[in-house]
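Peer 1: Below you will find the structure I want to go over with you.
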């Protein structure tokens, strides 16, 4: 088992819960467990998958990025306005523009946190409001609807390759990238070190400010990418899209075993956390549970996840008593 | 209100402990310990780490309950079930790390838990301030009751803690390594207060690893070893060597092994390292295989200078050369890249990444060097881990076991293995044996000799004179931020070093 790439026992429990949930809903409403319906759930959750991984990278460093949904909405509005002004603009260029815009917005967070040394929660709470406000300013308070967007702009999320939506493909590529980055590169390992023990990381020569710039930029870039996907998928851009989505993202992280205290979290775990929320949101209407219950249920799951986390950390205390040490391990590996 | 009730009862001793035993699982922490403490007397409680001193203190302050044995306080049987019971009986402990409320005022800290109230049940601030001022005045402490605690230095915080003990009208004050973070002058002040407590008829239990302090402040001593009482007597009747023999059960010359190793070329040259407030003109050179001891009283600027050298802080002036070539060190990353490793004082807290596995901890330094992101090689990591983890005999189920799940001793081994895995050429050790028992100290010292023999250049920052004298090829003495003496091993006598460290013997 190794940091970043393994699921662990808790992950398996979560996976079992997700499967059990699908089966239970399937018993009441068999239509839910058809392949096309389940694929629909995954497609619906694809943006959450990406946002959760980016948020996890931030949380690993003991930070938090509350501005992700505002960044998504602002970037979405910018690309929508660009598309309206230049209907002929190629889609790869739109995607690049979205990523770069999101990255720039993320770097603002990074600069204030890493450069000025302000607390992440304060900085991103501030930029959350600023970005939401800017949407209103640049659009003059107007909405951009699908009539204002070019056909190519709207066609991308509806594209299907090998039976999978382009949204799922993008999420797959981004997830694979995050997995490689976090589990297999020095910079990814550095995030775990900085979050696990900042002082120890510093004595080893790991530069916290560089790590912080990196994660907030990444978080911004992913938010920007999702900004285009969101606006093109739902065919609308206005100041309140994805309102409160940052909390869903953070909730999925916590459910997926990412420790808010930093230094703990894996890509498969975070993806499962997002899938869990995706299943809950899509399944409850099928069995006629009101949307208000959805919020209460995800809240209860978050609390349960935190309780499980706290318990496991308490159990994993230091082994000082000799007999506990003998019982705990066999010998030299 | 405070001094009046501190009347010693001359017939009954302040504290009588008989046959006290305490077991934690399979470990007999205390085994039939006896102790007698009279009013107006200071008792030094000595023993290695794990000898049972802390357990005894915790039973006396109501944190643990004893399995067997009796305790009486001024003739009355005592069985504290909570710290509050211990306060009520007049026992207070002052700990090494002060546990207080940084954001609150001095007065609130002193009276936390027993604040004077007005008839309406609100906090009586006037009385509380006045009483605090009176207590601080008795201690000759230059501290205002309204000052937030966070603005005070360590020594002043100790005074506040003593004031808190007096506010409980403590008749037995237990001091657990109270001088660990104090300067020589502050220690003098503390000892003056100990004298004052004695004069008021209070009894003091003084726990310290430092023999010079024990001989200065104590009237009597009691020694514990492996949970047993192994001796007691008047301090005037023993020598330091006697006490060390009792503590460790072996003779003193085994404690500091020294090994002559060939001294090679100059690796590190430091010239005129200065910063505005902490140290000035620190210059020295270091050779392969050499151990350079950096001695000084606490607050002499040793650690500060070494941290600047390692890039943890920015010096205002000074140059560093490695192998004759000038290097610029702006961050620990630069220092690591230049072949330096810094083993900080608190190895577990400042070194162990608990949620990570052994392999990831051991290879941590390797990830800082080079470009921002490179791919990791699991095979190479495992090879490094096997080599260095195996060499330090780290015990674990697998190399990917999380550090959180290891024992404290094994965590320390992993942390030390990590710094060795950097394969540094220059190793800075900051108080490598602070707070560890005499037996483990010898192991650390043997290991240092071994590293020097392999050609490592070592800077040993230490406050322990025998350690510096026993281990160093050259001793540098710092006083008030400057190097005041450079002594080769042959000339480094305790007298010469201490004289220089206290600012004597030079113009």
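Chains as they are written, first to last, in this note's numbering: chain A, 920 to 1252; chain B, 633 to 1139.
Backbone N, C-alpha and C define an ideal beta-carbon position, used for all residues, glycine too.
How many angstroms separate the CA atom of residue 898/B from the CA atom of residue 1037/B?
Peer 2: 42 Å
Peer 1: With a threshold of 8 Å between beta-carbons, can residue 792/B be considered close to chain A, or not?
Peer 2: no
Peer 1: I'd like to know whether the C-beta of residue 974/B is nearer than 8 Å to at least one C-beta of chain A.
Peer 2: yes
Peer 1: Could you tell me the distance, in whole angstroms, from the CA atom of residue 1100/A to the CA atom of residue 1011/B?
Peer 2: 18 Å
Peer 1: Only counting the same chain, and skipping five residues up and downstream in sequence, which positions put a Cβ closer than 7 Å to that of residue 1144/B?
Peer 2: Because chain B in this structure spans residues 633 to 1139, residue 1144/B falls outside the shown range and cannot be described.
Peer 1: Among 962/A, 944/A, 981/A, which has the Cα closest to the Cα of residue 1282/A?
Peer 2: Nothing can be reported for residue 1282/A: it is not among the residues displayed for chain A, which extend from 920 to 1252.
Peer 1: As a quick exercise: from 1109/A, 1070/A, 1095/A, 1087/A, pick the residue whose alpha carbon is nearest that of residue 1133/A.
Peer 2: 1109/A
Peer 1: By the 10 Å Cβ neighbour count, where 16 or more other Cβ atoms means buried, how is residue 1035/A classified, buried or exposed?
Peer 2: exposed
Peer 1: Once the 5 residues before and after residue 1008/A are set aside, which same chain residues still bring their CB inside 7 Å of it?
Peer 2: 1001, 1002
Peer 1: Name the two residues that bound the continuous beta strand (DSSP E) containing residue 861/B.
Peer 2: 860 to 866
Peer 1: To the nearest angstrom, report how far apart residue 1030/A and residue 1024/A are at their CA atoms.
Peer 2: For residue 1030/A and residue 1024/A, the distance between alpha carbons rounds to 10 Å.
Peer 1: Can you pull the chain A neighbours of residue 985/B, defined as C-beta to C-beta under 8 Å?
Peer 2: 1111, 1112, 1115, 1116, 1119, 1120, 1182
Peer 1: I want to see whether chain B comes within less than 8 Å of residue 929/A, judged by CB atoms only; does it?
Peer 2: no
Peer 1: What residues of chain B sit near residue 1104/A, judged by a beta carbon separation below 7 Å?
Peer 2: 1005, 1006, 1007, 1008
Peer 1: Here's the rule: buried if 16 or more other CB atoms are within 10 angstroms of the residue's CB, otherwise exposed. What is residue 911/B?
Peer 2: Counting the other CB atoms within 10 Å of its CB gives residue 911/B a total of 16 or more, which places it among the buried residues.
Peer 1: Looking only at C-alpha atoms, which of 997/A, 1136/A, 1137/A, 1143/A sits nearest to residue 1053/A?
Peer 2: 997/A
Peer 1: Would you decide whether residue 954/A is buried or exposed? Buried here means 16 or more other CB atoms lie within 10 Å of its CB.
Peer 2: exposed
Peer 1: In chain order, what residues of the same chain lie with their CB nearer than 7 Å to the CB of residue 886/B, ignoring the 5 residues before and after it?
Peer 2: Because the pLDDT at residue 886/B is just 47, under 50, the model does not fix this residue reliably, and the point stays unresolved.
Peer 1: Could you tell me which chain B residues have their CB closer than 8 Å to the CB of residue 984/A, listed as they occur along the chain?
Peer 2: From the beta-carbon of residue 984/A, no residue of chain B is found nearer than 8 Å; the closest lies around 20 Å away.
Peer 1: Exposed or buried, which one is residue 1070/A when buried takes at least 16 other CB atoms within 10 Å?
Peer 2: exposed
Peer 1: Spell out whether any CB of chain B is found under 8 Å from the CB atom of residue 1108/A.
Peer 2: yes
Peer 1: Strictly by DSSP, which residues pair up with residue 708/B?
Peer 2: 705/B
Peer 1: Going along chain A in order, which residues have a C-beta closer than 7 Å to the C-beta of residue 982/B?
Peer 2: 1118, 1119, 1122
Peer 1: For residue 894/B, tell me which candidate among 651/B, 1131/B, 1086/B, 1106/B has the shortest Cα-Cα distance.
Peer 2: 1086/B
Peer 1: If contacts are defined as beta-carbon pairs under 8 Å, then residue 1053/B and residue 995/B qualify, I think. What distance do you get, rounded to the angstrom?
Peer 2: 7 Å
Peer 1: Distance cutoff 8 Å, beta carbons only. Does residue 1159/A sit that close to anything in chain B?
Peer 2: No, residue 1159/A lies away from the interface with chain B (no Cβ there is under 8 Å from its Cβ).
Peer 1: Buried or exposed: where does residue 942/B fall if 16 or more other Cβ atoms within 10 Å of its Cβ makes it buried?
Peer 2: Classification for residue 942/B: buried.
Peer 1: Hey, out of 1221/A, 1105/A, 1085/A, 990/A, whose CA is closest to residue 1026/A's CA?
Peer 2: 990/A
Peer 1: Just verifying my parser: in three-state terms, what is the DSSP assignment at residue 913/B?
Peer 2: coil
Peer 1: If you measure beta-carbon to beta-carbon, which residues of the region 1123 to 1153 of chain A are closer than 8 Å to chain B?
Peer 2: Taking 8 Å as the cut-off between beta carbons, the residues of the region 1123 to 1153 of chain A near chain B are 1123, 1124, 1125, 1126, 1129, 1133, in sequence order.
Peer 1: Leaving out five residues on either side along the sequence, give the residues of the same chain with a beta carbon under 6 Å from the beta carbon of residue 677/B.
Peer 2: 685, 837, 839, 854
Peer 1: According to DSSP, residue 1106/B sits in a beta bridge with which residue or residues?
Peer 2: In the DSSP assignment, residue 1106/B is bridged to 924/B, 1120/B.
Peer 1: Kindly give me the distance between the Cβ atoms of residue 1056/B and residue 972/B, rounded to whole angstroms, as I take these residues to be in contact under 8 Å.
Peer 2: 6 Å
Peer 1: So which residues of chain A does residue 997/B contact, with C-beta pairs closer than 7 Å?
Peer 2: 1123, 1124
Peer 1: Nearest to residue 1077/B by CA position, among 789/B, 982/B, 1100/B, is which residue?
Peer 2: 1100/B
Peer 1: What runs of the alpha helix (DSSP H), each 4 residues or longer, lie entirely inside the region 984 to 1062 of chain A?
Peer 2: 987 to 1004, 1010 to 1029, 1039 to 1057
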